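Numbering (this note's numbering), first residue to last: 8 to 127.
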């Protein structure tokens with residue numbers, strides 16, 4: 008992996024995501040049931056709220072209110088995302104999704120999720 012931080016010209020290349028040492032990010036604050044362990048690694052940060060990283064979360068239910076935009080690609084695991092008033096959407100390994108600023112709803116993680124995320 009090659010990673011740079013704090014640069015608009017950063018190159019991030021991930022060949023083997025399993026080889027990246029994730030940091031303990033503690034229990035998920037958005038969890039609505041039992042505590043859900045999270046791990047992650049920020050790969051790149053830019054000006055303001057821009058961030059790219061890897062995030063891993065144990066199974067369980069959670070409630071989200073997005074204050075930024077987030078794009079994700081799930082590398083392993085599965086979850087159901089349900090926007091308030093909307094239909095459930097199954098998201099599994101290989102799927103990408105975008106949660107726009109203001110998105111409010113629930114995530115039910117069925118199998119530990121490992122994702123690459125971009126916050127913007």
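All C-beta atoms, glycine included, are put in the ideal place defined by N, C-alpha and C. A quick note: this is a predicted structure, and the numbers were derived from the prediction, not measured.
Member of the options whose CA lies at the smallest distance from the CA of residue i
i: residue 91; options: 71, 33, 101 and 112; result: 112
i: residue 51; options: 28, 44, 61 and 102; result: 61
i: residue 25; options: 99, 63 and 103; result: 63
i: residue 21; options: 100, 82 and 116; result: 82
i: residue 29; options: 65, 66 and 49; result: 49
i: residue 41; options: 127, 117, 66 and 120; result: 66
i: residue 120; options: 127, 99 and 33; result: 99
Cut-off 7 Å between Cβ atoms - residues of its own chain near residue i, not counting five sequence neighbours on either side
i: residue 160; result: Given that the chain is displayed from residue 8 to residue 127, the structure contains no residue 160 and the question cannot be resolved.
i: residue 39; result: 68, 69 and 70
i: residue 108; result: 73, 74, 75 and 76
i: residue 80; result: 103, 122 and 123
i: residue 95; result: 87 and 89
i: residue 8; result: Residue placement at residue 8 cannot be trusted, given a pLDDT of 42 that sits under 50; the coordinates are not used to answer.
i: residue 115; result: 68, 86 and 87
i: residue 37; result: 69, 70 and 71
i: residue 118; result: 66, 84 and 85
DSSP beta-bridge partners of residue i
i: residue 60; result: 49 and 124
i: residue 115; result: 68 and 87
i: residue 44; result: 34
Beta-carbon proximity list for residue i, same chain, < 6 Å, skipping 5 on both sides
i: residue 97; result: 87
i: residue 78; result: 105 and 125
i: residue 44; result: 65
Boundaries of the beta strand (DSSP E) in which residue i is found, first to last residue
i: residue 72; result: 67 to 72
i: residue 31; result: 30 to 34
Same chain only: Cβ atoms within 8 Å of residue i, ignoring 5 sequence neighbours per side
i: residue 93; result: 112
Cutoff 8 Å: residue i Cβ touching any chain D Cβ
i: residue 114; result: No chain D appears in this structure, which consists of one protein chain only.
Any non-hydrogen atom of the ligand COA closer than 7 Å to residue i Cβ
i: residue 126; result: In the structure shown, the ligand COA is absent, as is every other ligand, since no ligand is present at all.
Could I get the ranges of all uninterrupted beta strand (DSSP E) runs contained in the region 73 to 104, with 3 residues as the minimum, in chain order? The DSSP assignment places 77 to 90 and 95 to 99 as complete runs of the beta strand (DSSP E) inside the region 73 to 104, in order along the chain (cut-off: 3 residues).
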